[in-house]
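Counting in this note's numbering, the sequence shown tops out at residue 122, every number present.
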Amino acid sequence: MASKTRYHAAVGAKATSIWHPPLQGTLKLNVDAAFDLNTHRAGGGWILRDHLGFCLGGKLMDLGVVASSLMAEALSIREALSWVKTRDLTTAIQIESDSMTTIQALQRPDMISNF
8 MASKTRYHAA
18 VGAKATSIWH
28 PPLQGTLKLN
38 VDAAFDLNTH
48 RAGGGWILRD
58 HLGFCLGGKL
68 MDLGVVASSL
78 MAEALSIREA
88 LSWVKTRDLT
98 TAIQIESDSM
108 TTIQALQRPD
118 MISNF
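Structure representation (C-alpha coordinates):
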(Lines of atoms letter the chains of each structure in order from A; the text may use other names.)
(Lines give C-alpha, C1' and ligand atoms only; values in the text may rest on other atoms or scores of the structure.)
Protein backbone atom coordinates (compact mmCIF):
# COMPACT_ATOMS: atom_id res chain seq x y z
CA MET A 8 0.00 0.00 0.00
CA ALA A 9 1.34 3.43 -0.91
CA SER A 10 2.13 5.89 1.85
CA LYS A 11 -0.40 8.67 2.31
CA THR A 12 2.37 11.12 3.21
CA ARG A 13 4.08 12.92 0.37
CA TYR A 14 7.59 14.29 0.78
CA HIS A 15 9.17 17.05 -1.21
CA ALA A 16 12.21 19.26 -0.89
CA ALA A 17 13.07 22.38 -2.83
CA VAL A 18 16.37 22.37 -4.71
CA GLY A 19 19.07 23.58 -2.36
CA ALA A 20 16.78 23.40 0.67
CA LYS A 21 18.35 22.23 3.91
CA ALA A 22 15.16 20.74 5.34
CA THR A 23 12.59 18.38 3.91
CA SER A 24 8.94 19.33 4.25
CA ILE A 25 6.25 16.77 4.74
CA TRP A 26 2.97 17.17 2.90
CA HIS A 27 -0.01 15.73 4.72
CA PRO A 28 -2.97 14.89 2.49
CA PRO A 29 -6.46 16.18 3.22
CA LEU A 30 -9.26 13.80 4.10
CA GLN A 31 -10.77 11.87 1.21
CA GLY A 32 -13.36 14.03 -0.53
CA THR A 33 -11.44 17.19 0.37
CA LEU A 34 -8.87 19.12 -1.66
CA LYS A 35 -5.82 20.90 -0.25
CA LEU A 36 -4.67 24.27 -1.52
CA ASN A 37 -1.05 24.97 -0.56
CA VAL A 38 -0.27 28.68 -0.87
CA ASP A 39 2.98 30.60 -0.45
CA ALA A 40 4.46 33.99 -1.24
CA ALA A 41 7.91 35.51 -1.64
CA PHE A 42 8.79 39.09 -0.69
CA ASP A 43 11.90 41.13 -1.48
CA LEU A 44 12.55 43.49 1.43
CA ASN A 45 14.69 45.82 -0.73
CA THR A 46 12.30 46.32 -3.65
CA HIS A 47 9.03 45.32 -1.97
CA ARG A 48 8.21 43.19 -5.00
CA ALA A 49 6.31 39.99 -4.28
CA GLY A 50 5.25 36.82 -5.99
CA GLY A 51 2.79 34.13 -5.02
CA GLY A 52 2.03 30.59 -5.93
CA TRP A 53 -0.29 27.75 -5.13
CA ILE A 54 -1.02 24.15 -5.92
CA LEU A 55 -4.29 22.27 -5.54
CA ARG A 56 -4.09 18.53 -4.77
CA ASP A 57 -6.49 15.77 -3.86
CA HIS A 58 -6.22 13.26 -1.00
CA LEU A 59 -3.89 11.07 -3.09
CA GLY A 60 -1.52 13.96 -3.75
CA PHE A 61 -2.44 14.33 -7.41
CA CYS A 62 -2.02 17.87 -8.71
CA LEU A 63 -5.27 19.37 -10.00
CA GLY A 64 -3.67 22.66 -10.97
CA GLY A 65 -1.56 25.49 -9.73
CA LYS A 66 -0.18 28.85 -10.62
CA LEU A 67 2.68 31.27 -10.01
CA MET A 68 2.11 35.00 -10.29
CA ASP A 69 3.76 38.36 -9.84
CA LEU A 70 1.99 40.26 -7.05
CA GLY A 71 3.75 43.52 -7.86
CA VAL A 72 4.92 45.95 -5.18
CA VAL A 73 3.41 45.36 -1.73
CA ALA A 74 3.94 46.84 1.72
CA SER A 75 5.10 43.71 3.56
CA SER A 76 5.62 39.97 3.51
CA LEU A 77 2.33 39.60 5.42
CA MET A 78 0.53 41.50 2.65
CA ALA A 79 2.18 39.25 0.06
CA GLU A 80 0.94 36.13 1.89
CA ALA A 81 -2.60 37.54 2.20
CA LEU A 82 -2.71 38.55 -1.48
CA SER A 83 -1.43 35.14 -2.53
CA ILE A 84 -4.23 33.44 -0.57
CA ARG A 85 -6.80 35.83 -2.05
CA GLU A 86 -5.58 35.20 -5.59
CA ALA A 87 -5.50 31.45 -4.99
CA LEU A 88 -9.11 31.50 -3.75
CA SER A 89 -10.17 33.58 -6.76
CA TRP A 90 -8.46 31.03 -9.02
CA VAL A 91 -10.24 28.14 -7.27
CA LYS A 92 -13.58 29.97 -7.53
CA THR A 93 -13.28 30.04 -11.34
CA ARG A 94 -13.17 26.24 -11.36
CA ASP A 95 -16.70 25.86 -9.93
CA LEU A 96 -15.59 23.15 -7.51
CA THR A 97 -18.13 21.77 -5.06
CA THR A 98 -15.54 19.93 -2.98
CA ALA A 99 -14.42 21.25 0.42
CA ILE A 100 -11.00 22.89 0.25
CA GLN A 101 -8.41 23.03 3.01
CA ILE A 102 -5.97 25.96 2.79
CA GLU A 103 -2.41 25.53 3.98
CA SER A 104 0.15 28.32 4.30
CA ASP A 105 3.40 28.84 6.18
CA SER A 106 2.14 32.24 7.39
CA MET A 107 0.46 31.55 10.73
CA THR A 108 -0.32 35.25 11.18
CA THR A 109 -2.25 35.38 7.91
CA ILE A 110 -4.18 32.15 8.62
CA GLN A 111 -5.08 33.32 12.14
CA ALA A 112 -6.30 36.65 10.75
CA LEU A 113 -8.49 34.85 8.20
CA GLN A 114 -9.96 32.63 10.92
CA ARG A 115 -11.17 35.55 13.03
CA PRO A 116 -14.99 35.62 13.32
CA ASP A 117 -15.15 39.18 11.94
CA MET A 118 -13.39 38.00 8.76
CA ILE A 119 -16.18 35.66 7.63
CA SER A 120 -17.14 36.36 4.03
CA ASN A 121 -19.58 35.03 1.46
CA PHE A 122 -16.63 34.57 -0.91
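Think of the CB as a built atom: it goes at the ideal place given N, C-alpha and C, for glycine as much as any other residue.
Proximity winner among Gly71, Arg56 and Ile54, relative to Thr46 (alpha-carbon distances): As a position in the sequence shown, residue 46 is number 39, starting the count at 1. Comparing Cα-Cα distances from Thr46 to each of Gly71, Arg56 and Ile54, the minimum goes to Gly71.
Reduced DSSP category for Arg6 - H, G, I as helix; E, B as strand; rest coil: Residue numbering for the chain in the displayed model covers 8 to 122; residue 6 lies beyond these limits and cannot be assessed.
Nearest residue (CA-CA) to Ser24, options Leu44, Asp105, Asp69 and Gly51: In the sequence shown, the residue the question calls residue 24 occupies position 17. It is Asp105.
Boundaries of the alpha helix (DSSP H) in which Thr109 is found, first to last residue: Here residue 109 is taken as the residue at index 102 of the sequence shown, counted from 1. Unbroken alpha helix (DSSP H) run through Thr109: Met107 to Leu113.
Assumed close pair Glu80, Thr33 - CB separation to whole angstroms, cut-off 8 Å: In the sequence shown, residue 80 corresponds to position 73, counting from 1. In the sequence shown, residue 33 corresponds to position 26, counting from 1. Contact doesn't hold; Cβ gap of about 22 Å is too wide.
Per-residue burial, Ile96 [other beta carbons within 10 Å of its own, 16 or more giving buried]: Position 89 of the sequence shown holds residue 96. Per the sequence shown, the amino acid found at residue 96 is Leu instead of Ile. Leu96 is exposed by the Cβ-count criterion.
Heavy atom of the ligand GTP within 6 Å of Gly65 beta-carbon: Judged by which ligands are present, the structure shown has none, so any question about the ligand GTP falls away.
Where the alpha helix (DSSP H) through Ala79 begins and ends: Position 72 of the sequence shown, counted from the start, is the residue given in the question as residue 79. From DSSP, the alpha helix (DSSP H) with Ala79 extends over Ser76 to Lys92.
Beta-carbon proximity check, Gly52 vs Asp69, cutoff 7 Å: Here residue 52 is taken as the residue at index 45 of the sequence shown, counted from 1. Here residue 69 is taken as the residue at index 62 of the sequence shown, counted from 1. Against a cut-off of 7 Å, the Cβ pair of Asp69 and Gly52 comes out as no contact.
Straight-line gap, Ser83 to Leu30 (C-alpha atoms, nearest Å): In the sequence shown, the residue the question calls residue 83 occupies position 76. In the sequence shown, the residue the question calls residue 30 occupies position 23. So the two alpha carbons sit approximately 24 Å from each other.
Helix, strand or coil at Asp43 according to DSSP, with G and I counted as helix: Here residue 43 corresponds to residue number 36 of the sequence shown, with the count starting at 1. Coil, per DSSP.
Three-state secondary structure assigned by DSSP to Asp95: Counted from its first residue, the sequence shown places residue 95 at position 88. If DSSP states are grouped into helix, strand and coil, Asp95 belongs with coil.
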